[in-house]
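These protein sequence lines map, in sequence, to chains A, B, C and D. The numbering used here puts the first sequence at residues 1 to 252. The numbering used here puts the second sequence at residues 253 to 487. The numbering used here puts the third sequence at residues 488 to 839. The numbering used here puts the fourth sequence at residues 840 to 1130. In this text, a Cβ means the ideal position worked out from N, Cα and C, and glycines have one as well. These numbers come from a predicted model, not from an experiment. Inspection log for the structure reproduced underneath, given as structure tokens.
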Amino acid sequence: MHEERIALAAWMLGIALATIIFVMRSRRGKPPVIRRIAALEAVDDAVGRATEMGRPVLFVPGIMDMDDIQTVAGVTMLGRVARTAAEYDAVVQVPTSRSLVMEAARDAVQAACLTAGRPEAYQADRIHYVSDEQFAYVAHVTGAMIRERPAACFLMGSFYGESLILAETGNSVGAIQIAGTGESSQLPFFVAACDYTLIGEEFFVASAGGPAGLGAVAGCREDLRDDVHRGGHGAGHGGRALARAGVALRVA
Amino acid sequence: MIARRVVPMAIAIVAGLVMAVSYFVRSIEWMGEAAADVFNVIAAIAFVLGAGSLLKANLSAISRRDRGWGYAAVTLAAFLITLVVGMAKIGVNPSPDAPQAAWSGSQQTAGTPFGWIYEFILSPLTATMFALLAFYVASAAFRAFRAKNTAAVLLLVTAFVVLLGRTYAGVVLTDWMPAWASGLRLENLSSYVMAVFGTAGNRAIMIGIALGVAATGLRILLGLDRSWLGGGGSA
Amino acid sequence: MTRQRLTWLVLVVLFAGLLAWRGFTGHGLGRVYVERGEVSLARERAPADAPAASVPRWRSVPVEQAEVRWTTWSKVPPKAHFEAEARDPGQDRVVLSWPRTIGLWVAAFLTLAIFSFLYADNPAYRFTEAVVVGVSAAYWMVVGFWDVVVPKLLATLMPETVQAMVQPTLKIPQFSPWWPETWDTASDAFDPWLQQWGAMALALLLGLMLMWRLLPRGGWIAGWPLAFIVGVTAGRRMVTQVESDLMEQAASTMQSVVPTAQGLSAWDWAWAALPGVLVLVGVVCCLCYFLFSVQHRGVVGGAARVGVWYLMITFGAAFGFTVMGRIALLADRVEFLFDDWLWIIDPNHLRG
Amino acid sequence: MSVLDRLDRLDRRWIFLAMFVAVAAPILYIGVTGRTLPEKVTSTSRAVYEAIEATPEGSRVLFAFDFDPASAGELQPMATDLMRHCAARKLRIVCIALWPLGNNLAEETIANVIGADFPHMRDGVDFVNLGFQSGQQQVMTVLTTNFRKGFPVDERGRDTADLPILQGVKTVADFPLLVDVGAGYPGAKEWVQYVVTGLKGSMRMVAGTTGVSTPQLFPYYPDQLAGILAGIKGAAEYEMLVNEGLGGAPAAKYMEAQRRMGPQLSGHLLLVGLIVLGNVIHFRRSRGGQA
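Right, here's the structure in full:
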């Protein structure tokens, strides 16, 4: 047993407890109200615009592998975007920088197409591996942006130096851009060059289910899943209350 | 159904819980290290899938004679040449400490074909791609840094102060300030802004992300988030 | 002729002119020189009591005693060649390297091709893009194989082969997974060996399950290794991020509020405490902005607004800091063109 | 169309051209004349210098190369200066790389600094390059429990158990100083999170980082991080301190960071000008819109 980590264990148990309490509450019909997140509500508009213009949607799930939880959140967001796109009949292109991410993204998109009732909309080749090398991947994605002129770009996951190259190129072809990342060093560039940005924790909350806006897209179905997702988000909420308490204690 | 949905779920939950607990218990701490090795090996094996996707995309572009199929052929050739040269360690001398083992040299040694590809193709290309950022930073600053509201004003004023404070120009511009106001000299001001406001903002983002990660992780471990499970649609 | 074509033409002509000018003045341009070296090795005589099968040690010996020898070429500044030629015209020790000189020109072409993308998409950029994608994908496969699969997976599961062909210093464990009678559970080395072997066997199993995707049926089984990865990531990251980014940062925020210096006047004390207080206020306000389950009205709304201001200042400062790095990167590439290739400038005095 | 309208719709390629000129012109000027600008040393850079000065002679220092050629423009001068300072202070340098391409840069730096200017230092005794190890922060975790497990062999294939420089090293805690030159993940932040934080003060760490990752590290200074070199400016400041401390006229390769500050000045001024211009256009136009 690591004695010096007992405090950490207490924190983890507290956060887990808070999560479970919020899940139970929302199962009993008391989901927490979640404030609007503009970037999330813009997702449908962006996909709808792509459909109208007859241009593709580009989704970039970051450049890290599946052992980064931001990538997991990015792939989850991809599932949502793909579901909307399947309903609107828009094409989603997903170049990936890692083989495992390609596999996970294929699974997520296939599942989304099934959920949307349009399994035939799933085409594995649209989710393809490019290169593990950060800037080779960027060279390919920016080239593709210029040539295929996507109407909407989603940049969601873990990003490093390439963030601004992608965002500026997307801007130059007139795409609506929605970004989300927890890499604080890249947030300034997304904030400057994208239309909407999910900042840090917002990104995780959005991937967790977010406001009812997306549930409505899914067919106005306030199903258990969304509620549970929101319950899960309660963890963040409860955890923050705990953080506050901890802060207050230390002050005292 | 069980194999497609329940088993993966159970694998994720068990693996995650073991990982979380192993951080606290010395006797199974090795599992954290072992899991990292396991991940790296799986990721290395997964390259085969990525290569398969790359080959398929380019071969079909060539066979369909898509517009620009010549570039697909270039990609393919570059891929295969690099792969053969690197995998077979062509032209690599063995390590001077172990000349009896034919493949003991490092494939990245300068002067070998693979080293040549690295030094004269990969390295200049990635560095130049990265350098494009200097141009994009300039155009983004011109277009996006406009004082439309309070938040934007703060953003651009801070950027302004830091930009000046990080070079000799800041020193020249505000060197006349008396010692008691030295805190307002641009180079000090930019450090101060970073140390106070930057620290606060970054800390809040870090704390928020830690909570976000914890919540996301817990949702997976409690079996609430199944969206990453493919194949069978959502729960 | 369109305006774009005209611009391309002007750019190409300008560059050709520059090259011609550099080619006919001074030392010329764009060459790489190398110096020859010899590696000659012989086996060290093993001590009489050494076990027969022990791995031989090698040492450098004069050329005539060598059992194994090869030539190496290492890069030297052009100055070394000029000096060697001045001393001994026609010497063959420091010479022009054709592969590296060609490489330098290839690198220069690729660099310019990438920069040309800033003006517009063009065949040179598309060619370069195709090359870099192909090369780098294979590069990382090779690195993955030689740096991960061989030393971790193969060295654990088939150590004899790896020792013989790749890594002679590898120690072969005394245990074999297939012969339980070799298992000496009392040995200190046993547990680490078993852990390592088990982990790598698991990795191989999961990797093979992933490969199932390539077969026409049963691709769903690849979901299992993915589930394993997601689970491990979730479990590990959750704990470490809470420790380092939540607990540590919250603690630092609280500790910095009270100044540690002794004997300060009230005014100085307040002044010293100010940064810590500003940080604390900022952190709390930013966290209010990240409150999702509360509508941003009243006190929370005000705090959230202040939080947004803090975030914007943070972003502005981060932007300012980043610019420096980006310009440095561009400067590096420009120096490559001017110094290594065109030989216009010589800041490191490599040519005289 | 007024001038402002034209400027507002300015083709961004003109901005690209201006940036290229702003960077290329000072490089040519400094390259030809060899003149550099003076720097004012900030506290974080001085802290790095002092942390290395305060490390007792003969101590082992762990030197992590966590970057690749893509960031070498910003970080290589730092790596060169840091290694020169450590070598001149008679510290024993153990290089490692957690970025695959970092290994090549470590080799280059060793050849360039130790090979050229400290030829008396012996490989395996006074310095060693342990090469690249995959596994990112997990390698760091392994190092905290068992150093040899993280790096069983060095770059030349020698068993690390046999290396004189590593005698007595059980875990990473046996290094009093960690120097990290890092461009991102994994880098300084991970070293702080997974190694330095857990050691609770028994190891000091200094980091040289790219401008972009520096803001994320400020929260760790000065408790978890003893000093930070913030981008090329930090490198130039530190370079001045080292050159002053060691005395004599520094070789051209030890002036690299300071030379790089020339394009910084003009590049920054261009950006400042662009921001001002953008806002002038914005205000004129919004006022015109109201009238």
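Subject >> Contact with chain C by D:E994, beta-carbon distance below 8 Å >> reply: no
Subject >> DSSP-derived helix/strand/coil call for C:Q661 >> reply: coil
Subject >> Residue of B:A383, B:V448, B:G363 and B:M446 minimising C-alpha distance to C:Y851 >> reply: This structure leaves residue 851 of chain C out entirely; chain C is present only between 488 and 839.
**OP:** Evaluate the contact criterion for the region 87-94 of chain A versus the region 49-62 of chain A: three or more CB pairs, one atom per stretch, below 8 Å.
**Re:** As far as the Cβ criterion goes, the region 87-94 of chain A touches the region 49-62 of chain A, which means the pair count is three or higher.
**OP:** Compare the Cα-Cα distances from C:S603 to each of A:I20, A:R126, A:G170 and A:A139 and report the closest residue.
**Re:** A:A139
**OP:** Please determine if the region 457-473 of chain B and the region 192-204 of chain A are in contact, where contact requires at least 3 C-beta pairs separated by less than 8 Å.
**Re:** yes
Original post:
Taking the alpha helix (DSSP H) that B:S305 falls in, what are its first and last residues?
Top reply: Looking at the DSSP string, the run of the alpha helix (DSSP H) that includes B:S305 is W282 to S315.
Subject >> Three-way DSSP call (helix, strand, coil) for A:Q123 in this model >> reply: coil
**OP:** Would you mind telling me which residues of chain B sit closer than 7 Å to D:R1126, beta carbon to beta carbon, in chain order?
**Re:** None at all; the shortest Cβ gap to chain B is about 13 Å.
Original post:
Name the DSSP beta bridge partners of C:A529, please?
Top reply: Per DSSP, C:R546.
**OP:** Tell me whether the beta-carbon of C:M811 lies closer than 8 Å to the beta-carbon of D:I1071.
**Re:** yes
**OP:** Quick one: using the 10 Å Cβ neighbour count with 16 as the cut-off for buried, is C:W627 buried or exposed?
**Re:** buried
Original post:
Is it right to say C:S623 is buried, meaning 16 or more other beta carbons lie within 10 angstroms of its own, or is it exposed?
Top reply: buried
**OP:** Answer with buried or exposed for B:L436, where buried requires no fewer than 16 other C-beta atoms within 10 angstroms of its C-beta.
**Re:** Classified as exposed, B:L436 has fewer than 16 neighbouring CB atoms from the shown chains inside 10 Å of its CB.
Subject >> chain C contact residues for D:P1054, given Cβ-Cβ distances below 9 Å >> reply: T801, A804, A805, F808 and T809
**OP:** Would you mind sorting C:T740 into buried or exposed? The rule is 16 or more other CB atoms within 10 Å of its CB.
**Re:** C:T740 is buried by the Cβ-count criterion.
**OP:** Go through the region 362-443 of chain B residue by residue and report every complete run of the alpha helix (DSSP H) that reaches 4 residues or more, in order.
**Re:** 365-369, 375-396, 402-417 and 420-426
Original post:
In chain B, which residues lie with their C-beta within 8 Å of the C-beta of D:K879?
Top reply: The answer, in chain order, is V423 and E439.
**OP:** Would you kindly work out how many angstroms separate the C-alpha atoms of C:V499 and C:W592, rounded to a whole number?
**Re:** Roughly 16 Å between the two C-alpha positions.
**OP:** Consider the Cβ of B:W345: report whether some Cβ of chain D lies at a distance smaller than 8 Å.
**Re:** Strictly speaking, residue 345 of chain B in this sequence is Asn, with Trp absent from that position. False, the Cβ-Cβ gap to chain D never drops below 8 Å.
Original post:
Which term fits B:R455, buried or exposed, when burial requires 16 or more other beta carbons within 10 angstroms of its beta carbon?
Top reply: buried
Subject >> Three-state class that DSSP yields for C:W633 in the structure shown >> reply: helix
Original post:
For B:V409, which residues in chain A fall below 9 Å Cβ to Cβ?
Top reply: Correct list: empty, because the minimum Cβ distance to chain A is about 14 Å.
Subject >> According to DSSP, residues forming a beta bridge with D:G1047 >> reply: D:V1020 and D:L1068
**OP:** Taking B:R398 as the query, report the chain D residues whose CB atoms sit under 7 Å from its CB, ordered along the chain.
**Re:** G1117, N1118 and H1121
**OP:** Say whether chain D places a C-beta atom closer than 8 Å to the C-beta of A:Y137.
**Re:** No, its Cβ sits nowhere closer than 8 Å to a Cβ of chain D.
**OP:** Look at the alpha carbon of C:A676 and the alpha carbon of B:M381, and state the distance between them as a whole number of angstroms.
**Re:** 48 Å
**OP:** Taking only the alpha-carbon atoms, compute the straight-line gap between A:G210 and C:A804 and give it to the nearest angstrom.
**Re:** Residue placement at A:G210 cannot be trusted, given a pLDDT of 47 that sits under 50; the coordinates are not used to answer.
Original post:
What do you reckon, is the C-beta of C:G517 under 7 Å from a heavy atom of the ligand FAD?
Top reply: This structure simply doesn't include the ligand FAD, nor any ligand for that matter.
Original post:
Out of B:R278, B:P376 and B:T334, which has the shortest C-alpha to C-alpha gap to C:A594?
Top reply: B:P376
Original post:
Is A:A116 helix, strand or coil when you go by DSSP?
Top reply: In the three-state reduction of the DSSP assignment, A:A116 falls in the coil class.
Original post:
Is the CB-CB distance between D:L1068 and D:Y1077 below 8 Å?
Top reply: yes
**OP:** Taking D:P939 as the reference, give the member of C:T558, C:V550 and C:W633 with the closest Cα.
**Re:** C:W633
Original post:
Exposed or buried, B:M283, counting other C-beta atoms within 10 Å across all chains shown (16 or more means buried)?
Top reply: buried
Original post:
Counting only runs that start and end within the region 733-763 of chain C, where is the alpha helix (DSSP H) found for 4 or more residues in a row?
Top reply: 735-742
Original post:
At which residues does the beta strand (DSSP E) containing A:G180 begin and terminate?
Top reply: A:G180 -> beta strand (DSSP E) spans I176 to T181.
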